[in-house]
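To start, the structure under review is shown below, and the notes come after it.
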Amino acid sequence: MTPLEALSWQQSVIDRGNERRQDPGFISSLSADPATRVLVVHEGKVLVHDAALVYSPVEVLSKSDFSVYLGSSLVDSTLPAGTELLTIELREALSPEDLGAPADARWLNFRQVAAQLTLADAQYLIEANAILNWHRVHTHCPRCGVPTSIEVSGWVRHCPQDGSDHFPRTDPAIIVAVVGADGRLLLGGGASWEEHRYSTLAGFVEPGESLEQAVVREIAEEVGVRIHSVNYLGSQAWPFPASLMLGFIASTDDVEPKPDGVEVTRARWFSKEELVAAVNSGEVVISHRVSIARALIEHWYGGRIEDAPGK
Ligand SMILES: [Zn+2]
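Letter by letter, the sequence shown follows residues 1 to 311 of my numbering.
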């Protein structure tokens with residue numbers, strides 16, 4: 001079990017049907033079954049009604065060139081367990097009624113809606129975003145440049161010219177709660193963020209680098225602090241567009257952060273009392289409830305931190 005109890009993302013809520021999806025006729029058979037449901041995505045947004053995702057009937061499959069098999073639901077949630085689920089991406093937003101949704105359903109993205117969703121709805125939305133984001137920018141063969149065909153129910157793109165297969169990619173990124181010798185937590189903020197916003201530090205893993213090396217390098221680069229121990233706590237898929245966030249807690253004896261002025265423009269140490277008081281009052285805003293950044297901060301704190309009203 002993950003030490004990050006606040007992260008409920010560990011339970012599998014879908015059977016991705018790795019064997020079944022290899023069948024070239026699998027999507028057609030699902031398309032002919034009126035019990036199949038479709039999660040429709042447009043520019044990263046989905047239709048939401050009454051704090052639940054809208055799952056459209058199979059008729060909407062005609063509105064896209066291709067669909068991707070997400071899997072068979074394993075739990076009763078907005079969808080009953082055992083529902084076969086596909087996803088499509090629309091080039092243009094259609095009205096909710098055109099997609100079999102109530103007229104007052106709204107197009108919302110993950111950040112806008114995640115905190116209200118069931119675990120299963122949130123996971124399906126993450127999976128759909130992840131695979132559709134990959135298709136959007138991998139339409140051609142990286143070796144020879146010809147358009148690729150979609151195979152394995154949307155999980156492989158195949159090059160007809162050189163026969164190569166291309167698989168969905170995920171970019172590992174480390175995210176770190178840096179703790180000082182006195183137990184304080186180091187948080188940072190970027191120039192593009194609102195002034196009062198602080199989060200844990202993060203960065204992409206580079207080719208040829210271990211996760212631990214990436215933690216040490218990124219923290220040194222971003223805030224000039226030397227890390228002497230690194231412990232893994234848990235992960236969260238964050239496909240905006242394609243990240244897998246790997247969460248760590250790390251220790252330092254350095255006390256003087258030196259923000260790089262590029263990615264991080266301010267860095268600040270917080271004791272537990274200081275952080276909770278600043279967040280409760282709204283002086284400081286920390287990461288969103290459903291993010292691994294929040295889970296790391298609350299792991300360090302040792303409990304839930306309440307946001308100021310309206311933050
Ligand atoms: Zn090729």
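Don't be surprised by glycine CBs; every beta carbon is placed ideally from N, CA and C.
| Query | Result |
| --- | --- |
| Beta carbon proximity, Gly203 to chain B, threshold 7 Å | Of the protein chains in the structure, only one exists, and it is not chain B. |
| Spatial distance of Gln116 from Ala52 (CA atoms) | 8 Å |
| According to DSSP, residues forming a beta bridge with Leu244 | Pro172 and Ala237 |
| Gly71 classed as buried or exposed, judged by whether at least 16 other C-beta atoms fall within 10 angstroms | buried |
| Arg143: CB within 6 Å of a non-hydrogen atom of ligand 2 | Ligands in the displayed structure: ligand 1; ligand 2 is not one of them. |
| Opening and closing residue of the alpha helix (DSSP H) in which Lys45 lies | Segment Lys45 to His49 is the beta strand (DSSP E) holding Lys45; no alpha helix (DSSP H) there. |
| Whole-angstrom distance between Ser77 and Gly224, CA atom to CA atom | 46 Å |
| Ligand 1 heavy atom lying under 6 Å from the CB of Asp162 | yes |
| Anticipated Cβ contact below 8 Å, Val178 with Leu201, distance rounded | 6 Å |
| Nearest to Val205 (by Cα), restricted to the options Met245, Ala308, Arg16 and Val290 | Met245 |
| Straight-line Cα distance separating Ala191 from Ala214 | 22 Å |
| Buried versus exposed call for Val319 [16 or more other C-beta atoms within 10 Å across all chains shown] | This structure leaves residue 319 out entirely; the chain is present only between 1 and 311. |
| Environment of Lys258 [buried if 16+ CB atoms lie within 10 Å] | exposed |
| Boundaries (first-last residue) of the beta strand (DSSP E) holding Leu185 | Leu185 to Gly189 |
| Asp76 in three-state terms, based on DSSP | coil |
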